[in-house]
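Chains as they are written, first to last, in our numbering: chain W, 1 to 364; chain E, 1 to 364. A virtual CB, placed ideally from N, CA and C, is assigned to each residue, including glycine. A quick write-up on the structure given underneath.
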């Protein structure tokens with residue numbers, strides 16, 4: 001943002017618990033509206049940011065997401081908390097650059113409907129979805145045969161089912177290519193991250209599950225691809241740096257020149273491809289099951305998984321308990337086939353409680 | 001064509017010396033106009049194709065290329081003979097799918113001007129240019145940083161300069177990925193083929209030489225790429241089968257479903273990349289020199305090279321004589337900076353005579 005002040009102006013920002021960061025960024029970027037999580041932080045910031053509207057809690061997020069004059073909301077709150085404000089922005093006809101996975105995983109159908117009826121655009125920030133977006137842009141959707149999401153394979157790529165029982169959080173956290181938070185890094189190791197991306201792709205690109213493939217590509221040079229009915233494949237390649245997809249979502253259809261983003265073909269090793277091992281990494285298969293089931297099932301997958309991953313990082317359950325827990329939650333869930341955002345969030349909540357009980361009983 | 005009778009109808013065809021093939025195809029496809037090279041063949045075919053207009057020579061080609069009601073000409077005559085009819089089609093406002101390299105190499109500037117002023121489109125049939133065309137389609141040309149032509153590296157990839165003197169025609173004709181005629185296969189071995197493609201790309205995509213890179217990619221899976229100002233790269237991938245690019249040129253902007261064109265990522269080996277070795281394969285550097293010089297120089301490069309390759313295939317000169325001859329022709333040529341098609345063809349003719357004399361003096 002700071003690099004291109006003539007292109008972007010930040011009108012409102014939300015910072016959750018990080019009130020000091022909110023203060024610093026609001027001053028730097030000249031934001032007019034600021035949202036933090038806690039009431040006491042909001043009170044303090046009001047004193048330090050004269051003329052700025054400071055709010056807190058869910059109301060603050062909704063205000064930031066739907067502030068008048070805003071052309072685009074960058075939705076990057078982690079977890080289900082990002083869903084309501086993002087949905088509100090789309091309903092208000094504001095374009096959303098979506099970095100938050102849960103928005104589409106938990107309530108993809110309702111979210112896409114809201115965007116469609118208001119005319120708001122949803123621009124992907126995930127590198128894989130940005131790649132597909134760039135690959136199919138300007139092409140006729142009817143010509144697309146399938147989309148191919150590439151997966152690095154995560155920290156445990158190549159390991160067999162029987163080698164995974166004793167995997168520690170430390171091992172699961174060594175991601176080869178991307179530097180990310182612990183939850184998403186564990187999701188990469190289980191391939192649940194790719195499963196969630198398949199669900200997002202299903203909604204973003206309007207493709208049924210059987211037209212979305214996952215291909216393991218450990219080098220993460222090809223960020224994803226689209227195959228057309230004549231066999232032609234369009235791929236997007238780049239360095240593993242989120243600045244690229246973020247900048248493209250914000251500046252689309254323009255592109256901004258970014259420094260040190262050049263992919264060096266002469267320095268890279270060979271590019272390889274293999275099939276995901278669904279026996280060792282059943283979470284990916286569960287995600288496909290959740291899409292096929294539809295309705296509230298993806299929300300259950302996502303909610304149960306989030307609690308399972310936290311318990312694994314806490315050493316309360318084993319690595320292979322993560323998919324086992326998710327599978328049990330899905331098995332126990334009674335799907336609502338046409339959920340509202342509220343219903344989807346309540347299924348997510350149900351799955352979290354189910355997961356907590358499961359862990360309680362199973363805990364190490 | 002035959003696979004999609006509802007999409008394509010062949011109105012006119014030209015077959016050069018292959019009169020029997022012309023007869024067979026004209027019957028099969030129901031062509032209304034047929035051109036062959038020789039007058040005696042034309043006479044014979046008139047008897048066998050009642051109601052069909054049969055012509056011969058250059059006049060026949062011009063008639064085929066500009067027949068009323070034709071929406072697209074597929075220009076695939078080998079060599080400079082394809083230039084005039086292609087130019088005539090473009091001047092008449094007829095779209096051209098260009099498979100003939102010389103059209104753009106010999107007279108790129110004049111050809112592009114003719115297309116621009118009549119509004120005719122030029123659609124690439126070469127797999128590399130089709131790849132770039134597909135990669136940049138629907139994108140803003142101002143966002144393109146460079147285009148990257150991939151090169152298999154030909155039959156002699158990896159050989160050093162000192163290993164190339166004794167190369168035989170047989171060795172140079174072993175192309176690893178594509179099955180093509182002998183002239184173009186030798187051009188692949190010298191990298192002149194890639195040089196000619198750089199010149200074509202210069203005109204097709206309006207890019208200066210310094211924005212066109214060549215990257216050796218022995219597996220020919222990535223057919224070429226475009227890099228954008230934000231570092232994002234869009235690549236087109238596919239099997240090495242010309243049916244893909246030909247069908248896309250003819251059906252654009254539609255695509256037709258083609259059988260057995262699916263790229264199998266699970267069966268392919270690693271994809272690798274390296275820099276072209278300009279010391280061992282100086283023809284590529286000569287092509288860049290020719291673009292920078294402009295005017296009639298690319299015509300001289302192309303004409304001299306064609307004669308040199310024929311002499312090499314005839315064992316009259318050595319492999320490394322090919323670039324030596326081309327360099328001498330370019331050195332001896334006095335460039336016309338703004339040639340017409342006629343002037344460009346006459347520079348091509350001059351280069352051929354120069355090459356014949358050079359070979360006469362040097363012949364083994």
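Tell me the DSSP secondary structure of residue i in three-state form.
i, result
"residue 253 of chain W", "coil"
"residue 296 of chain W", "coil"
"residue 96 of chain W", "strand"
"residue 228 of chain E", "strand"
"residue 21 of chain E", "helix"
"residue 150 of chain W", "strand"
"residue 129 of chain W", "helix"
"residue 6 of chain E", "coil"
"residue 207 of chain E", "coil"
"residue 162 of chain E", "helix"
"residue 239 of chain W", "coil"
"residue 13 of chain E", "strand"
"residue 317 of chain W", "coil"
"residue 36 of chain E", "strand"
"residue 45 of chain E", "helix"
"residue 167 of chain W", "coil"
"residue 72 of chain W", "strand"
Between the options, which has its C-alpha nearest residue i's C-alpha?
i, options, result
"residue 334 of chain E", "E:290, E:203, E:215", "E:290"
"residue 107 of chain E", "E:194, E:303, E:148", "E:303"
"residue 235 of chain W", "W:340, W:279, W:127", "W:127"
"residue 279 of chain E", "E:325, E:232, E:164", "E:164"
"residue 311 of chain W", "W:295, W:294, W:353", "W:353"
"residue 301 of chain W", "W:78, W:266, W:347", "W:347"
"residue 435 of chain E", "E:294, E:142, E:8, E:321", "Residue 435 of chain E lies beyond the range of chain E shown here (1 to 364); nothing can be said about it."
"residue 72 of chain W", "W:59, W:27, W:94, W:58", "W:94"
"residue 331 of chain E", "E:296, E:313, E:360", "E:296"
"residue 75 of chain E", "E:145, E:59, E:319, E:103", "E:103"
"residue 96 of chain W", "W:182, W:122, W:109, W:56", "W:122"
"residue 337 of chain W", "W:293, W:350, W:361, W:360", "W:293"
"residue 91 of chain E", "E:109, E:101, E:69, E:114", "E:114"
"residue 262 of chain E", "E:232, E:65, E:203, E:237", "E:237"
Could you tell me whether the Cβ atoms of residue i and residue j are closer together than 8 Å?
i, j, result
"residue 201 of chain E", "residue 149 of chain E", "yes"
"residue 191 of chain E", "residue 284 of chain E", "yes"
"residue 248 of chain E", "residue 230 of chain W", "yes"
"residue 216 of chain W", "residue 4 of chain W", "no"
"residue 220 of chain W", "residue 240 of chain W", "yes"
"residue 155 of chain E", "residue 171 of chain E", "yes"
"residue 19 of chain W", "residue 13 of chain W", "no"
"residue 7 of chain E", "residue 315 of chain E", "no"
"residue 62 of chain E", "residue 84 of chain E", "yes"
Would residue i be called buried (16 or more neighbouring beta carbons within 10 Å of its own) or exposed?
i, result
"residue 82 of chain W", "buried"
"residue 342 of chain W", "exposed"
"residue 197 of chain W", "buried"
"residue 208 of chain W", "exposed"
"residue 270 of chain E", "exposed"
"residue 142 of chain E", "exposed"
"residue 253 of chain W", "exposed"
"residue 68 of chain E", "exposed"
"residue 345 of chain E", "buried"
Consider the Cβ of residue i: report whether some Cβ of chain E lies at a distance smaller than 8 Å.
i, result
"residue 246 of chain W", "no"
"residue 214 of chain W", "no"
"residue 262 of chain W", "yes"
"residue 138 of chain W", "yes"
"residue 320 of chain W", "no"
"residue 9 of chain W", "no"
"residue 229 of chain W", "yes"
"residue 124 of chain W", "no"
Does residue i get closer than 8 Å to chain W when you measure Cβ to Cβ?
i, result
"residue 291 of chain E", "no"
"residue 76 of chain E", "no"
"residue 99 of chain E", "no"
"residue 239 of chain E", "yes"
"residue 34 of chain E", "no"
"residue 135 of chain E", "yes"
"residue 256 of chain E", "yes"
"residue 234 of chain E", "yes"
Going along chain C in order, which residues have a C-beta closer than 8 Å to the C-beta of residue i?
i, result
"residue 268 of chain E", "Although the question refers to chain C, the structure presented lacks it and instead comprises the protein chains W and E."
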